[in-house]
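Asks:
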Amino acid sequence: MHEGSYRGGWRSLFDHLLSWGLSVATARPHFSSLHLVTDSAGAELLVDRLGLAFDSISISLDRLHAHDPDIWILGKLSAYREQTEPFLHIDSDVYLWQPPPPEFLAADVAAAYPEYLRLGNTYYRSESFKAEVRRAGGWLPEALDRYIPVRGILRAENCGVVGGRRTDFISHYADQALRLIEHPDNQLAWSRRGQMQADSLILEQHMLSAELERHRNDPQSPFHGIAIRYLFAGEGDAAINAGSRGFTHLIGGAKHNGEALDRLAGWVREALPDHYARCHAIARQEAGAAAGF
């Protein structure tokens, strides 16, 4: 497999691998066990070659190989769905320098922070997304179909970290999102939609908000009263206070920001020198393979 297959939005494979090591190393002190949900290729790269240590490994994502790789959220949703005990999913671009607060870890649902996005001025294309499905005669989850933005503001949950103790609700939400992606009546809509990288935000982060809204106030729902807690009050709070609360998320464009990636390399080189060396070796091997050496 060539380097580009691993990047996940990063400037290079080297940066991506550095981040995996730092994310695992900073999470390890705060949790009783670490579990990896991946596919066979991911296990071979991260465990066999990179040497990352996990308490258990699932290669259940092998089932996704026939899916459109543009819908990158499939792996995360599948990982959420298979959890049966309270958990916190940590993206590999998140570093937890301090333990999350106990009340956060004990929440029904936990996420990094709420996002409030004005329709027409956001990268969430939710209205055109739903319109495309309806035009094709497809299927929408009830929560998403019924969702109405309040005063033109769309809500989403930032899922750099996400989890909670109500795994029944989280599994339901993930199952609804996966059904939306895989439903045979929706495939015409996806073919018309074209590239769907950005729509992964609807399928994960906005879907979670819609499902919470649908169930929390419905006395007939098995999830009546479901509640969510956050590390931060919003994106602005995270931008200002993440450092003091021991939380780093190299989100979006930071994965191509030279200054941010230099800091990442410095952290790993100092704290995890063996991991740093393995990242270099693998990146060189993959570059050689891509060039046909």
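First residue of the sequence shown? That's 0 in numbering that gives the first Met the number 0, and the numbers climb one at a time after it.
Heads up, the beta-carbon is just placed ideally off N, CA and C, and yes, glycines get one too.
Since the model is a prediction, treat every value here as computed from it, not as a measurement.
So if DSSP puts histidine 88 in a beta bridge, which residue, or which two residues, is it bridged to?
Replies: DSSP lists Val161 as the beta-bridge partner residues of histidine 88.
Asks: Between the segment 160 to 177 and the segment 70 to 87, are three or more C-beta pairs nearer than 8 angstroms?
Replies: yes
Asks: Roughly how many whole angstroms lie between the Cα atoms of glycine 137 and arginine 277?
Replies: If I take the Cα positions, the gap works out to 47 angstroms.
Asks: Please list the terminal residues of the continuous beta strand (DSSP E) segment that includes valine 36.
Replies: From DSSP, the beta strand (DSSP E) with valine 36 extends over 34 to 36.
Asks: Should the segment 25 to 35 be called in touch with the segment 46 to 57, which here means at least 3 C-beta pairs below 8 angstroms?
Replies: yes
Asks: In three-state DSSP terms, what is phenylalanine 231?
Replies: coil
Asks: For proline 101, report the span of its alpha helix (DSSP H) as first-last.
Replies: The continuous alpha helix (DSSP H) containing proline 101 extends over residues 101 to 104.
Asks: For phenylalanine 128 versus isoleucine 201, is the C-beta distance shorter than 8 angstroms?
Replies: One thing to note: phenylalanine 128 has its Cβ within 8 angstroms of the Cβ of isoleucine 201.
Asks: Hey, how far is the Cα of phenylalanine 103 from the Cα of phenylalanine 231?
Replies: 10 angstroms
Asks: Using three-state DSSP, classify leucine 309 as helix, strand or coil.
Replies: Absent from the model: residue 309. The displayed extent of the chain is 0 to 292, so no value can be given.
Asks: Pairing CB atoms from the segment 258 to 268 with CB atoms from the segment 141 to 148, are three or more of them under 8 angstroms?
Replies: no
Asks: Quick one: measure Cβ to Cβ for arginine 215 and glycine 224, integer angstroms, because I've assumed they're closer than 8 angstroms.
Replies: 6 angstroms
Asks: If we count the other Cβ atoms within 10 Å of its Cβ and call it buried at 16 or more, is glutamine 204 buried or exposed?
Replies: buried
Asks: Compute the Euclidean distance between the alpha carbons of glutamate 131 and arginine 191, then round it to the nearest angstrom.
Replies: 8 angstroms
Asks: Report all residues from its chain with a CB closer than 6 angstroms to the CB of leucine 63; omit the five preceding and five following residues, and keep chain order.
Replies: Leu73
Asks: Go ahead and label glutamate 258 buried or exposed: buried means 16 or more other beta carbons lie within 10 angstroms of its beta carbon, across all protein chains shown.
Replies: exposed
Asks: Measuring alpha carbon to alpha carbon, tell me which residue in Pro101, Ala109 and Pro68 is nearest histidine 88.
Replies: Ala109
Asks: Opposite histidine 248 in the DSSP bridges: which residues?
Replies: Histidine 248 pairs with Val93.
Asks: With 16 other CB atoms within 10 Å as the buried threshold, where does threonine 83 fall?
Replies: A residue is called buried once 16 or more other Cβ atoms fall within 10 Å of its Cβ, and threonine 83, having fewer, is exposed.
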